[in-house]
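In the order they appear, the protein sequences are chains P and V. Just so we're aligned, residue 1 is where the first sequence starts under the working numbering, counting upward by one. Just so we're aligned, residue 1001 is where the second sequence starts under the working numbering, counting upward by one. All residues carry an ideal CB built from backbone N, CA and C; glycine is no exception. Quick caveat: nothing in here was measured; it's all calculated off a predicted structure. First the structure, in the form of structure tokens, and then the observations on it.
2 protein chains.
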Amino acid sequence: MASIEFGHQKHATQFIKMKHDFAALKVNQDRLMQAIHEGCEYGQAHRYGDHPTETGMARLSLNDADKEIRGWFKTTVESMGCAYSVDQMGNQFAVRPGKNRTAPPVMMGSHLDTQPTGGRYDGILGINAGLETLKVLHEHQVQTEGSVGVVNWTNEEGARFPMMAVSSGVWSEAVPLDTAWNLSEVSADKDGIKHTMKQELERIGYLGEQRASYKDFPFAAHFELHIEQGPILEMEKRKIGVVKGAQAFKWFEITVKGRDTHAGTTPMNARMDSMLCAAKLIVRANKIAKEKDGLATTGILNMAPGSINTMAHTVTFTLDIRHKSDEQLAKMEEDCRRQFQDIAENDSEKGCSLEWKQLVDSPAVVFHEDCVAAVQDSAIEVCEELEKTSADGQLWKHMISGAGKSLRKMIEALPRRP
Amino acid sequence: MASIEFGHQKHATQFIKMKHDFAALKVNQDRLMQAIHEGCEYGQAHRYGDHPTETGMARLSLNDADKEIRGWFKTTVESMGCAYSVDQMGNQFAVRPGKNRTAPPVMMGSHLDTQPTGGRYDGILGINAGLETLKVLHEHQVQTEGSVGVVNWTNEEGARFPMMAVSSGVWSEAVPLDTAWNLSEVSADKDGIKHTMKQELERIGYLGEQRASYKDFPFAAHFELHIEQGPILEMEKRKIGVVKGAQAFKWFEITVKGRDTHAGTTPMNARMDSMLCAAKLIVRANKIAKEKDGLATTGILNMAPGSINTMAHTVTFTLDIRHKSDEQLAKMEEDCRRQFQDIAENDSEKGCSLEWKQLVDSPAVVFHEDCVAAVQDSAIEVCEELEKTSADGQLWKHMISGAGKSLRKMIEALPRRP
């Protein structure tokens, strides 16, 4: 990414009106990269090259490295005179006061924890970009209308304590506090003990007293800069994705039942081959997804009994379908259910039977248009100065997030503007 | 099956010439069924109905029940004055001498061991049909030209000692004696001990001294009556399959490599989805098999990493392809290899790579035309008297065996007639 800017919680018209005043406010790219690499000294792992920065990260939530970078975060924001607080889930909030101190702040942020084999930017970029924005405001002594801040959400990855976005979940009141506190870590320590989240929050000194709830610490808006996790921008040689929402998705487990007959003695037309049927269903789901401009994925498939010269009597596979529109996702599901049934009954020789089990139903989320407009305006401005690498010359693009639903939960919890 | 008769080791012309003399020689169906049920008292298991004969069988090779039925076999054949012998693999041979005692006998037979959840006819019918034939000859005091006998092959199922047709394999010199003797049973006994085949042969008193080799005990021909293991005769409402040979088959393990990207953030056209590719290959293999009048089966499929919302980077699946003709099987394989490559490169979005590993190559076997003719003549004669249940009125049918290769090994070992 060649340049980074943030949208602000202002109406697009306001933003354009005030543009002149902000002309000098540019991110210091060198400082930003330096801050990222400085923070990555805590918990660095998996060296892949000779350069000091050529490592991955293993900064599992609430481990010693996480404790250290949390201290670094606190020092950084306090050096700029931010109001700093920690809630019951260890979420760190830093707010740079604006003229209006009673309105909720516009927050930027992400998470500082990583996967055990994590990279140097996932989450980390979002925090550092927020901090760099505060630094620019601070060095130019800008007084903003409302307050602006940065948040570090605890265990957003869900890699150590197995619930993704658990602490933003508690803040948005989607997850009960006790559920979160009682989560046991995935792996035991060297003494065979699995600690809970609350124990580890206490151990590293981040069990705050502030209630973890958007009611006690409301946001006006939340912006998150994130590296692209899909390959779309890179493929199309664009620089910035302006995310308009999160796609809807559903997870299913589908069981195909046939008959386990012998590969050598059962003629093709006498078969109830559940693997062949499942293969046809997987191919069809992908065709439907393409037609509807959605996504379909089978990530797990099991078959029984599992012998080279015997057909499977049972195949179970997962189906993950996604679409940016709830309605289109419902149509994809409907098409899959109808066409799967047809394949099982009429295109599987002697026929197979199907069972559907829904595992997850996550509706689509549409971000607030003012927030999207603010990001879009910034993206347009930044991209004007850059070399036009994409086929159509446009370097930014509207996108729908394919990632998890933490943001969704938070957005839903945001107080709606009239 | 309404009636049972055997072909004899005679040229069809001879058989027809002598037909008149054999007119009275008919299988005693009641006696045959009685003998089957009598033998099934040794090792009966898995009751499924109230009638005494409504059980399955668990007569694992060389267990106590197998020892008992072997004794019953010996008593039965000796009561008819047969020459009886046991070889180093516990194979039991019973020969009823003909006029010409120097020519090798025509043997009938099968196996008395069963799967742990076996039925009452698989193998058992072949032995009993042979014994019934000897009884008919015996009670009519027929002196045959050559000698005629019955063989019981040890551990033909391979269920207890894990090598199918191992003892006929030693006799045909396809399996070394020591390899067979040293086979350990699949499951340990209550003391945790796994016995070898040799130990168990010794324990039940069936470690014979006769060398286990077709060179020491040659056959003129081998006939086996077997229940149908596929559904073809039943589907077509026919009574007898005249088996002309065994189909060719090959087993492969095919590895599809793609990339494990996220189900939510990877657009369809940017994917290297190894599961989708594998599904297309399985569907295509079945299409090719149908076109070529062969068989294709995928009985095992594994995928990694195995996560609902992540594409598999690697899918490995088995492919079992079969055809009665070696040439057509080679063409099926060629079609699969070419079309699979095309699908992986051109119909899998960003492409997947393929690796083929051949596990088994078992060429087709064609049975001797005189043997087939003898069975066919008997089948025609028997079927004349029965109700014509099939669509075309013919109750017998030429077939190709889809079962394993024990017979192939034995047939290959048979001395060829000029």
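So with Cβ pairs under 8 Å, would you call residue i a contact of chain V?
{"i": "P:N441", "result": "The displayed coordinates of chain P run from 1 to 418. Any statement about residue 441 of chain P would go beyond what the structure contains."}
{"i": "P:P267", "result": "yes"}
{"i": "P:K280", "result": "yes"}
{"i": "P:L233", "result": "no"}
{"i": "P:N309", "result": "yes"}
{"i": "P:M89", "result": "no"}
{"i": "P:G306", "result": "yes"}
{"i": "P:V242", "result": "no"}
{"i": "P:E5", "result": "Reliability fails at P:E5, whose pLDDT of 32 lies under 50, so the model's placement of it is uncertain and no value is given."}
{"i": "P:I411", "result": "Summary for P:I411: the model assigns pLDDT 41, below 50, so the residue's position carries little reliability; its value from the coordinates is reported in the next sentence. Chain V, which has no Cβ nearer than 8 Å to the Cβ of P:I411, makes this no."}
{"i": "P:E209", "result": "no"}
Taking residue i as the reference, give the member of the options with the closest Cα.
{"i": "V:C1336", "options": "V:T1076, V:F1252, V:E1185 and V:R1101", "result": "V:F1252"}
{"i": "P:R338", "options": "P:H323, P:D326, P:E355 and P:S325", "result": "P:E355"}
{"i": "V:M1303", "options": "V:W1181, V:Q1029, V:G1258 and V:P1105", "result": "V:G1258"}
{"i": "P:G98", "options": "P:G294, P:C82 and P:M89", "result": "P:C82"}
{"i": "P:E291", "options": "P:V375, P:R322 and P:G264", "result": "P:R322"}
{"i": "V:K1331", "options": "V:G1306, V:D1370, V:E1381 and V:I1288", "result": "V:I1288"}
{"i": "P:F161", "options": "P:Q199, P:G192 and P:V148", "result": "P:Q199"}
{"i": "V:D1260", "options": "V:P1305, V:Q1394 and V:L1329", "result": "V:P1305"}
{"i": "P:D293", "options": "P:L319, P:K324, P:A263 and P:T318", "result": "P:K324"}
{"i": "V:L1134", "options": "V:W1396, V:G1264, V:F1249 and V:P1105", "result": "V:P1105"}
{"i": "P:K74", "options": "P:V95, P:K250, P:M89 and P:M57", "result": "P:V95"}
{"i": "P:T154", "options": "P:F249, P:G208, P:Q358 and P:K239", "result": "P:G208"}
{"i": "P:R70", "options": "P:Y48, P:A58, P:S79 and P:G90", "result": "P:G90"}
{"i": "P:D392", "options": "P:P176, P:L233, P:D66 and P:E327", "result": "P:L233"}
{"i": "V:H1262", "options": "P:F249, P:V375 and P:S274", "result": "P:F249"}
Against residue i, what residues of chain V qualify as contacts under a CB-to-CB distance less than 9 Å, listed in chain order?
{"i": "P:K290", "result": "M1268 and N1269"}
What in chain V is Cβ-close to residue i, meaning under 8 Å?
{"i": "P:G192", "result": "Correct list: empty, because the minimum Cβ distance to chain V is about 27 Å."}
{"i": "P:M164", "result": "Result: empty, since nearest Cβ-Cβ is about 11 Å, beyond 8 Å."}
Against chain P, does residue i count as a neighbour if the rule is that its beta carbon must be under 8 Å from one of theirs?
{"i": "V:L1125", "result": "no"}
{"i": "V:A1251", "result": "Here the sequence assigns Trp to residue 1251 of chain V, which means Ala is not the residue at that position. With 8 Å as the cut-off, V:W1251 counts as an interface residue toward chain P."}
{"i": "V:I1016", "result": "Any reading at V:I1016 is ruled out, since the residue's pLDDT is 38, under 50, leaving its predicted position unreliable."}
{"i": "V:D1320", "result": "yes"}
{"i": "V:G1245", "result": "no"}
{"i": "V:N1286", "result": "yes"}
{"i": "V:L1295", "result": "yes"}
{"i": "V:K1405", "result": "In this prediction, V:K1405 has a pLDDT of 48, which is less than 50 and means its spatial position is unreliable; what the coordinates show is noted afterwards. Chain P, which has no Cβ nearer than 8 Å to the Cβ of V:K1405, makes this no."}
Assuming residue i and residue j form a contact by the criterion Cβ under 8 Å, report the distance between their Cβ atoms to the nearest whole angstrom.
{"i": "P:V142", "j": "P:M107", "result": "The pair is not a contact, with the Cβ atoms about 17 Å apart (cut-off 8 Å)."}
{"i": "P:R271", "j": "P:K350", "result": "6 Å"}
{"i": "V:A1129", "j": "V:A1246", "result": "Not confirmed; about 20 Å, so no contact."}
{"i": "V:P1156", "j": "V:H1111", "result": "A quick correction: the sequence has Glu, not Pro, at residue 1156 of chain V. About 3 Å; that satisfies the 8 Å criterion."}
{"i": "V:G1230", "j": "V:K1397", "result": "At roughly 12 Å, the Cβ-Cβ gap does not stay under 8 Å, so V:G1230 and V:K1397 are not in contact."}
{"i": "P:Q115", "j": "P:A159", "result": "5 Å"}
{"i": "P:K239", "j": "P:F367", "result": "Between P:F367 and P:K239 the Cβ distance is about 20 Å, and since that is not below 8 Å, they are no contact."}
{"i": "P:S353", "j": "P:L276", "result": "14 Å between Cβ atoms; not a contact."}
{"i": "P:T504", "j": "V:G1402", "result": "This structure leaves residue 504 of chain P out entirely; chain P is present only between 1 and 418."}
Starting from residue i, find everything on chain P with Cβ-Cβ shorter than 7 Å and list it in chain order.
{"i": "V:I1229", "result": "Here residue 1229 of chain V is Gln; the residue named in the question, Ile, does not match the sequence. H262 and T265, listed in chain order."}
{"i": "V:Q1328", "result": "Those do not exist, as V:Q1328 stays about 14 Å from chain P at its closest Cβ, beyond 7 Å."}
{"i": "V:G1402", "result": "H262, G264 and T265"}
{"i": "V:M1272", "result": "In chain order: nothing, as chain P lies at least about 11 Å away."}
I'd like to know if residue i contacts chain C, where contact means its C-beta is closer than 8 Å to some C-beta of that chain.
{"i": "V:K1324", "result": "Although the question refers to chain C, the structure presented lacks it and instead comprises the protein chains P and V."}
Give me the chain V residues within the contact set of residue i, using Cβ-Cβ distance strictly less than 7 Å, ordered along the chain.
{"i": "P:M108", "result": "Near P:M108 there are no residues of chain V at all, since even the closest Cβ is about 21 Å away, more than 7 Å."}
Name the chain P residues that come within less than 9 Å of residue i, Cβ to Cβ?
{"i": "V:A1312", "result": "T298, G299, I300 and L301"}
If the cut is a Cβ gap below 8 Å, which residues of chain P does residue i touch?
{"i": "V:V1283", "result": "L276, A279, K280 and V283"}
Assess, as a yes-or-no matter, whether the stretch 1198-1217 of chain V is touched by the stretch 1160-1177 of chain V under the definition of 3 or more beta carbon pairs within less than 8 Å.
Segments in contact, yes.
Does the stretch 1052-1064 of chain V come close enough to the stretch 1127-1141 of chain V that 3 or more CB-CB pairs lie under 8 Å?
Of all C-beta pairs linking the stretch 1127-1141 of chain V to the stretch 1052-1064 of chain V, fewer than three are shorter than 8 Å, placing the two stretches out of contact.
Decide yes or no for the touch test of the stretch 1031-1043 of chain V against the stretch 1115-1125 of chain V: beta carbon pairs closer than 8 Å, at least 3 of them.
Taking 8 Å as the limit for Cβ pairs, the verdict is that the stretch 1115-1125 of chain V does touch the stretch 1031-1043 of chain V.
Please determine if the stretch 1302-1317 of chain V and the stretch 297-304 of chain P are in contact, where contact requires at least 3 C-beta pairs separated by less than 8 Å.
Because the criterion of three Cβ pairs below 8 Å is met, the stretch 1302-1317 of chain V and the stretch 297-304 of chain P touch.
Taking one C-beta from the stretch 1221-1235 of chain V and one from the stretch 1263-1283 of chain V each time, how about it: are there three or more such pairs within less than 8 Å?
Note that the stretch 1221-1235 of chain V does not touch the stretch 1263-1283 of chain V; fewer than 3 beta-carbon pairs, one per stretch, sit closer than 8 Å.
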